[in-house]
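The numbering of the sequence shown is my numbering, which starts it at 5 and goes up by one.
Before any comments, here is the structure.
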Amino acid sequence: MKTIKILGLFVFYIAVGLFLFGFVDLNTFLPKRAISGAKGAGFAVVELFTSEGCSSCPPADEVLERLQKEIGDQPIYLLAYHVDYWDRLGWKDTFSSSAYSDRQGEYGRWFNLSTIYTPQVVVNGKEEFTGTEESRIRKSILAQLAVIPSAILTLDTQKDDIGVKVAYHAEGAIKNTSLLIAIVQKSGHSNVVRGENAGRGLSHVQIVRSIQIVNLNATGIGNTSIKLPKDLDGQQWEVLGLIQDKSNGKILGAAKVIASDK
Numbered sequence: 005m006k007t008i009k010i011l012g013l014f015v016f017y018i019a020v021g022l023f024l025f026g027f028v029d030l031n032t033f034l035p036k037r038a039i040s041g042a043k044g045a046g047f048a049v050v051e052l053f054t055s056e057g058c059s060s061c062p063p064a065d066e067v068l069e070r071l072q073k074e075i076g077d078q079p080i081y082l083l084a085y086h087v088d089y090w091d092r093l094g095w096k097d098t099f100s101s102s103a104y105s106d107r108q109g110e111y112g113r114w115f116n117l118s119t120i121y122t123p124q125v126v127v128n129g130k131e132e133f134t135g136t137e138e139s140r141i142r143k144s145i146l147a148q149l150a151v152i153p154s155a156i157l158t159l160d161t162q163k164d165d166i167g168v169k170v171a172y173h174a175e176g177a178i179k180n181t182s183l184l185i186a187i188v189q190k191s192g193h194s195n196v197v198r199g200e201n202a203g204r205g206l207s208h209v210q211i212v213r214s215i216q217i218v219n220l221n222a223t224g225i226g227n228t229s230i231k232l233p234k235d236l237d238g239q240q241w242e243v244l245g246l247i248q249d250k251s252n253g254k255i256l257g258a259a260k261v262i263a264s265d266k
């Protein structure tokens, strides 16, 4: 038994040493559910910019789906924005919107990028990666979960015949910030008949269906309403809020409320 324990420790230290010197990817040794082992009071917002018209995007959608299955009740918030600039190239993405392309353009300016692209992932408005770089995304999530947030957001929602009324209370570092409210559909599927993904059935998760941006006042307290897409009936969805620094794009706080029309 002692021999087995010693051998196990030896293998562990070899793995750590190889990782530290850059010879081995940590993701090879840590199970994908390792994000559940992170300790701290932080949060992670993962925003994916994707499109059904982009042949490189389905693998990034699959990364997001794996994360969705693993996070449980952890403070990890996933959003998939389907941009519309691919729509002119043969296939109109059912979930696309110019508002999501505009949001990605904002990140392009905040990160000083020469161009925007898909698939792109942004974590807490602080780092951006190609959406298929799963190992880097997971490491970024772990790092952000260990950071104490500078703002706290509380949401209360009430559905009516038109949409959702949202009462919000933001506390902490909220000067020069805005509040993004998103309606997020938990899953969806499309059969693509044209464009780069022609002939494929594509599954999606955490689909952003509508967004609204509110400038926070000095109290951080207020109310707003956001319309629900008509085809959301029968779907599982959530209301997600993000406090974002308007000068650099960093996300300072987040919260969500689970809802359903089922």
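C-beta: ideal position from N, C-alpha, C; glycine also.
Nothing here was measured: the structure is a model prediction, and the numbers come from that model.
For Leu93, no alpha helix (DSSP H) run applies, since DSSP gives it neither H nor E. CA-to-CA, the gap between Tyr121 and Ala263 works out to about 31 angstroms. Boundaries of the alpha helix (DSSP H) harbouring Lys73: 61-74, taken from the DSSP string.
For Thr161, the CB contacts under 6 angstroms within the same chain, skipping 5 residues up- and downstream, are Val168, Val170, Val243, Val261 in chain order. Proximity to Val188 across Arg92, Tyr81, Gly176, Trp114 peaks at Tyr81, based on C-alpha coordinates.
Note on Asp77: under 16 other CB atoms within 10 angstroms of its CB, so exposed under the neighbour-count rule. Burial state of Asp249 is buried, judged by a 10 Å Cβ sphere holding 16 or more other Cβ atoms. Judged by DSSP in its simplified three-state form, Ala222 adopts coil rather than helix or strand.
Sixteen is the threshold: since fewer than 16 other Cβ atoms of the shown chains lie within 10 Å of the Cβ of Val197, the residue is exposed.
If you ignore the 5 residues before and after Ala103, its C-beta comes within less than 8 angstroms of the C-beta of Ile215, all in its own chain and listed in chain order. Beta-bridge analysis with DSSP links Thr181 to Asp249. Runs of the alpha helix (DSSP H) lying entirely within the region 80-165, each at least 4 residues long, are 102-114, 138-149 in chain order. The Cβ-Cβ distance between Ile145 and Ala48 falls below 8 angstroms.
Ranked by Cα distance from Ile247, the options Ser105, Leu236, Pro233, Leu220 are led by Leu220. Check the Cα spacing between Asp237 and each of Glu137, Arg213, Asn227, Ala222: the tightest is with Arg213.
With respect to Glu56, Ser251 sits apart: the two C-beta atoms are not nearer than 8 angstroms.
With contacts defined as CB atoms closer than 8 angstroms, Val125 and Phe133 qualify as a contacting pair. Distance from the Cα of Lys143 is smallest, within the candidate group Gln210, Cys58, Leu71, for Leu71. Asn201 and Pro63 have their C-alpha atoms some 12 angstroms from each other. Residue environment for Asn128: buried (at least 16 other C-beta atoms within 10 angstroms of its C-beta).
For Val168, the enclosing beta strand (DSSP E) has its first and last residue at 167-176. The criterion of a C-beta distance shorter than 8 angstroms is satisfied by Glu51 and Tyr85. If you compare the alpha carbons of Cys58, Lys254, Gly245 with that of His173, the shortest gap goes to Gly245.
In the structure shown, the three-state DSSP call for Leu236 is helix.
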